[in-house]
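**Q** Residue numbers (this note's numbering): 2 to 73.
Positions of the beta carbon are idealized from the N, C-alpha and C atoms, including for glycine.
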């Protein structure tokens with residue numbers, strides 16, 4: 002179902018500037034913004050904590066090392 006809403010011209014301009022590409026709809030922009038505001042689920046929080054521990058223990062590759070490993 003599609004609904005029309007009224008927004009200020011300034012808000013429309015801000016939404017237009019937030020578009021990742023020109024064909025992205027305002028609805029897509031709003032969905033991204035809403036998703037960014039939602040709290041992370043427990044699984045994602047756990048994965049972030051594991052990644053932080055990996056980094057702190059030196060278990061990572063630099064950008065240069067990754068490029069070399071991939072032959073780039």
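1) Flag this pair as yes or no: are the beta carbons of residue 16 and residue 27 separated by less than 8 Å?
2) Note down the Cα distance separating residue 33 from residue 22, rounded to an integer number of angstroms.
3) Near residue 70, what residues of its chain come up, given a Cβ to Cβ distance below 8 Å and the 5 sequence neighbours on each side ignored?
4) Please state whether the Cβ-Cβ distance between residue 19 and residue 30 is less than 8 Å.
5) DSSP on residue 19, reduced to helix/strand/coil?
6) From which residue to which residue does the alpha helix (DSSP H) around residue 69 run?
**A** Concretely, from the data shown:
1) yes
2) Their Cα atoms are separated by approximately 13 Å.
3) Annotation for residue 70: 62 place their beta carbon closer than 8 Å to its own, counting only its chain and skipping 5 residues before and after.
4) Taking 8 Å as the Cβ cut-off, residue 19 and residue 30 qualify as a contacting pair.
5) Coil.
6) 64-71
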